[in-house]
Every structure is written in C-alpha cells, then in structure tokens.
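Numbering (mature numbering (1 follows the signal peptide of the UniProt record, and there is no 0)), first residue to last: -22 to -1, 1 to 173.
For each residue, glycine too, the CB sits at the ideal point set by N, CA and C.
Predicted model only: the values in this text are computed from it and were never measured.
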C-alpha cells in the first residue's frame, strides 16, 4: 500500500465516525445511530489546532475568481488553491451542467459513493456517473449547497462537509481532498440523504 493510500485510509478511519455522529445529531428529525462512538485517542496522525482551517467566510458565500474564460468563450474552472474553493468548484461545475468540469475537480484515482448509485472509481467511471446524473432529470443545476466546514490535515490533505438541497431532498456530503501540484482536488466523495 502506498504512503498516500495509507494516509487516506487513516484519514477516512478517523473522520467517518465523527461525521456520522455529527450528521446524526445535526437536526431534530435525524435518526440516532445504533451503538456508540468512542472518543478518539491522540496519535501522531490526529489534527492539531494549527492544522485546521475553519474558514472565516460565511458557509454560503460564493467563491470569486474560481472561473475564468477560455479562448472559446466557455467558462473553465481555475485550479483551487484552498480546499473550500475546490469544493465550490465542484458545486459550480454541477450547476453549470459541465461533466468535464465536474470530473476535473477530482483526482485521477478518486472514489465517488453517491446515494443510490454504484461506487465510481477513477475518472472514466466518475464521468459516466455524472453524465447519467445530469441526463436523468436530476435537479442538480438548481440545487443549493452550503459548505459547512473545511479542515486541513497536515499540509496535503483536507476534509470538507456540506449540505445540499435538491428539489425536496436534503443531502449530506463528505469530501476528502488532496493537494496535487499545489492545487486541491477531491480524492473521495460520499453523500447520502439526510433523514
């Protein structure tokens, strides 16, 4: 297992229980988890206060400067230099209905686990998934998105948590991001319906 894969596995093992507990307690109509979550024990892979990014902007603030005009006149996404901007680029690409821009927000080996869909691994599978999502009449272009939290972990990894409303359905999203070539990209994405 490569060092990057080990780091991602440790990151997911540390954050998924926390996100599940936070999601279950995030509203009056949420269903409680069965079982208990035990507190994490300090390790050298845990986040320190200096490694977190809580963001001073409001969660619904629209990022500026994330799009640039290409010579053909169509909008293209500028590389994200912050985790929050990378997530916002993803949402902007969805709203624009541009599958290639959506795929461009992910790493080449990304994994996407969307509620009700088979897990997509790699750029081609992600492209196919989002082509289907955008063509199936899903209300992705008019959905609303709120980035609730972003945290950097070390220098090259980050997590983000968001909520979205698509028609009458509310979703919770979890992003794991990694820095490649000085730019933030999504390496893991998971969403599910909020109950």
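Check the Cα spacing between residue 120 and each of 75, 66 and 63: the tightest is with 75. Comparing C-alpha distances from residue 138 to each of 124, 148, 153 and 145 shows the shortest one belongs to 153. Around the CB of residue 85, 16 or more other CB atoms lie within 10 Å, so the residue is classed as buried. 124 is the residue among 129, 124 and 99 whose C-alpha sits nearest the C-alpha of residue 68. Only buried fits residue 63, as 16 or more other CB atoms lie within 10 angstroms of its CB.
About 6 angstroms separates the beta carbons of residue 97 and residue 89, which is inside the 8 angstroms limit, making them a contact pair. Using a Cβ distance threshold of 9 angstroms, residue 81 and residue 112 do not count as a contacting pair. Secondary structure of residue 67 (DSSP, three-state): helix. Contact check for residue 60 against residue 128 passes: the beta carbons are separated by less than 9 angstroms. Boundaries of the alpha helix (DSSP H) around residue 110: 101 to 113.
Taking all protein chains shown into account, residue 122 has fewer than 16 neighbouring C-beta atoms within 10 Å of its C-beta and is therefore exposed.
Judged by DSSP secondary structure, residue 151 falls within the beta strand (DSSP E) whose first and last residues are 147 to 158.
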